[in-house]
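Those protein sequences? They're chains A and B, same order as listed.
FYI, the numbering for the first sequence is 1 to 230, going by my numbering.
FYI, the numbering for the second sequence is 231 to 483, going by my numbering.
To start, the structure under review is shown below, and the notes come after it.
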Amino acid sequence: MMNNSRMGLGSVIVATVRRELLLAFRSPGDVINPLMFFIIAVTLFPLGGGADSAFLSGIASGVIWVTTLLAIMFSMESLFRADYEDGSLEQLLMSPQPLYFLLLAKVLSHWLIACLPILILAPVFAVMLAMPAAGILPLILGLLAGTPILCLLGAIGMALTVGLSRSGLLLAVLILPLYIPVLVFGTGMVSAALDSLPYTGLLALMGAMLVLAICLSPLAIAAALRISVN
Amino acid sequence: MWQWFLQLGSPRLFYSKTDRYLPWLSWITVILLGTGLAWGLAFTPPDYQMGENYRIAYIHVPMATLAMGCYAMMACFSAGYLIWKIKVADMIAKACAPIGASITAVALATGSLWGIPTWGTWWIWDARLTSTLIMLFLYVGIIALRSAFDSIDSGARACAVLSLVGVVNLPIIKYSVDWWNTLHQGASNLSLSDTAANPPEVWIPAFFVGFGILGFFLIALILRTRNEILLRERRAQWVSDLVEGNQKESGHA
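Shown next, in the form of structure tokens:
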């Protein structure tokens, strides 16, 4: 224990991320399910709304963003649930290391597990939804800056509801309203680019929101976890 | 002043103090609302553009303003509860959520009733309308979160954290929706709040109704908080004394 408390911050973060990744690759459902949800849900839109390419290109960025947002929300269950049930969440709260950075490391690993695969596939589906080539780079940049915000906000909601037995839909009611700014600026970047307007200002705003979320949300996650664990 | 404020932090003193204030507050509210509504709805001349429709604004504008004010109030009391563990603060915050949600719903409903003769549509994705709708979602989330907890204490703290997260996000949401709206369509120019264009016989009743509705809000808030106090303190001696006193009174009558 003494030895543990002397561990440097960097090595603690690396150890946390490594543990989370190892756990995820031992139960690959955590990686595959959000991705499969994303793929299937995106496929539903042309089937339900019509495969006309003019219609599809109009809704492409919205569909990809909304589906990503929902996939992240559903994936949040795997961030704290198992840790809550086997008690490692209590260990995390009691650890001598600063909780702030431990939580950031946890959310970062969740992003690597649940969001990165979606990010890699998003351009493929953008092309399948007939999005013009000019929209693809802003879509990816927006997702790159926006999905960590979604993970951080989702982690607040998950931390608040992890102690409740069934939290799926409650989580949606709590955090979807908070996701709106990211959605607005993310799809806004794509439509600005398609109108050949500069979108770097919006990207900067998204970055500012990311910085704010990194600064503040670990505090809220920590407070919420303390309530849930008691 | 400070002493008075601290006393309100005790459930028992809050109950007995508000017992004294409530009749006064109720009378003031009745007078303000009665005069304001009668004046505004019946005696003020109709608007030269909107005709009689604009009278909806006498209800709509105070409700829309209060909807936001109530959220800020809930967040302040939530912070008070988290920081100083004042139980009454949580009870007030709990009372704020359903009242705020209803006020927001009334603001949206009166807005769309006003929209059909004025704009010719029930709903447009205007920045104000959209951000008010999102605020309703935030209220609903807080109510849902509290009802999901069995333990009063955990539910209270969880709701307090969520209210504070919401209050940090609310300006960002508002800003993003404003920006989104200007991208997609021109902002609707609501000149109703422009008092310079309105003569005194229009805005004086609005002033009366506005404060009347504020009074009504405070009465509803205090009554809900008092109910909550009685519910949570039902094992306390003073509550059973109170109930016995009431029973004796009705026995004499």
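Quick reminder that beta carbons are idealized off the backbone N, C-alpha and C, glycines included.
- If you ignore the 5 residues before and after A:G142, its C-beta comes within less than 6 angstroms of the C-beta of G186 and M189, all in its own chain and listed in chain order.
- Residue environment analysis places B:Q477 among the exposed positions, since fewer than 16 neighbouring C-beta atoms fall within 10 angstroms of its C-beta.
- Here the region 100-116 of chain A lies against the region 20-32 of chain A, with 3 or more beta-carbon pairs under 8 angstroms apart.
- Distance from the CA of A:I59 to the CA of A:V162, rounded to the nearest whole angstrom, comes to 34 angstroms.
- A:I149 is outside the set of residues whose beta carbon lies under 8 angstroms from a beta carbon in chain B.
- Sorting B:A466, B:G442, B:F447 and B:V432 by C-alpha distance to the C-alpha of B:G281 places B:V432 at the top.
- Along the region 423-480 of chain B, the beta strand (DSSP E) does not occur as any fully enclosed run of 3 or more residues.
- Contiguous alpha helix (DSSP H) elements confined to the region 102-178 of chain A occur at 116-128, 136-161 and 168-175, taking only those with 4 or more residues.
- Per DSSP, the continuous alpha helix (DSSP H) segment holding A:G188 begins and ends at I180 to L194.
- Chain-order list of chain A residues neighbouring B:N399: L153, P177, L178, I180 and P181, by C-beta distance under 9 angstroms.
- Every alpha helix (DSSP H) stretch that sits fully inside the region 39-115 of chain A and reaches 4 residues is listed by chain position as 53-75, 77-86, 88-94 and 99-110.
- Think of a sphere of 7 angstroms around the beta carbon of A:L160: the chain B residues whose beta carbon falls inside it are L375, A388, V391 and L392, in chain order.
- Considering only A:T147, A:K106, A:A105 and A:P96, the residue with the shortest C-alpha distance to A:I120 is A:T147.
- Legend: CB atoms of the region 360-371 of chain B lying less than 7 angstroms from CB atoms of chain A belong to residues I364, F367, L368, V370 and G371.
- Below the 8 angstroms Cβ cutoff, chain B contributes no neighbours of A:A51, its closest Cβ being approximately 25 angstroms away.
- Assignment of B:G281 by DSSP, reduced to helix, strand and coil, places it in the strand class.
- Not one beta carbon of chain A lies nearer than 8 angstroms to the beta carbon of B:I316.
- Using a Cβ distance threshold of 8 angstroms, A:L150 and A:L69 count as a contacting pair.
- Boundaries of the alpha helix (DSSP H) around A:G207: T200 to V229.
- One thing to note: A:F125 has its Cβ no nearer than 8 angstroms to the Cβ of A:A71.
- Contact note: B:V407 reaches chain A through I180, P181 and V184, using a C-beta cutoff of 9 angstroms and chain order.
- If you check the CB distance, A:A130 and A:S217 do not come in under 8 angstroms.
- For A:L174, the closest alpha carbon among the candidates B:N399, B:S406 and B:Y405 is that of B:N399.
- When secondary structure is reduced to three states using DSSP, B:S240 falls in the coil class, being assigned neither helix nor strand.
- Going by C-alpha positions, A:S78 is about 32 angstroms away from B:Y405.
- A straight line joining the alpha-carbon of A:A134 with that of A:L197 spans about 11 angstroms.
- Under the DSSP assignment, B:I364 falls in the alpha helix (DSSP H) whose first and last residues are A357 to A378.
- Apart from sequence neighbours up to five positions away, the residues of its chain that approach B:A388 with a beta-carbon distance below 8 angstroms are L375, R376 and F379, ordered along the chain.
- Interface annotation for the region 24-36 of chain A against chain B: empty, criterion Cβ-Cβ distance under 7 angstroms.
- When CB distances to chain B are screened at a threshold of 8 angstroms, not a single residue of the region 130-142 of chain A falls below it.
- Taking a Cβ-Cβ cut-off of 8 angstroms, the neighbours of B:W410 in chain A comprise V184 and G188, given in sequence order.
- Secondary structure remark: continuous beta strand (DSSP E) runs of at least 3 residues inside the region 288-346 of chain B: none found.
- In chain order, V395 make up the part of chain B whose C-beta sits under 7 angstroms from the C-beta of A:I156.
- Straight across, the Cα-Cα distance linking A:A204 with B:I449 is about 46 angstroms.
- Chain A has a Cβ within less than 8 angstroms of the Cβ of B:S384.
- The DSSP-derived three-state label of B:T348 is helix.
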